[in-house]
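Reading through the structure tokens given below for one structure.
In the working numbering, the protein residues as written are 1 to 96.
In structure tokens:
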């Protein structure tokens, strides 16, 4: 689903005009970005958790050249879906 299609669907469900829906969507994304940048976990009820994690520096081996390389430490954003989403993906109906 493209962003434009997502906004149209959201607009129909919320019952607001296009501009208000787009503004709401951008505020949600902006807040999510800020919280993750501050290394805070964001939990969205019924959807899942966004959690920034620190990856340590590590050494990797390139099999093509036979050389070792050092990968610098970095921060990655992980997402863990809620149980209800996992069940929907598996085809299990809620309250079964």
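Cβ coordinates follow ideal geometry from the N, Cα and C atoms, glycine included. Quick caveat: nothing in here was measured; it's all calculated off a predicted structure.
Annotated three-state conformation of residue 78 is strand, per DSSP. Non-local C-beta neighbours of residue 14 in its own chain, meaning closer than 7 Å and more than five positions away in sequence, comprise 21, ordered along the chain. Distance from the Cα of residue 75 is smallest, within the candidate group 65, 18, 10, 55, for 55.
The Cβ-Cβ distance between residue 81 and residue 48 falls below 8 Å. Your pair residue 59 and residue 68 checks out as a contact, with CB atoms roughly 6 Å apart and the cut at 8 Å.
In the structure shown, residue 67 adopts coil according to DSSP, grouped into three states. Secondary structure at residue 51: strand, using DSSP grouped into helix, strand and coil.
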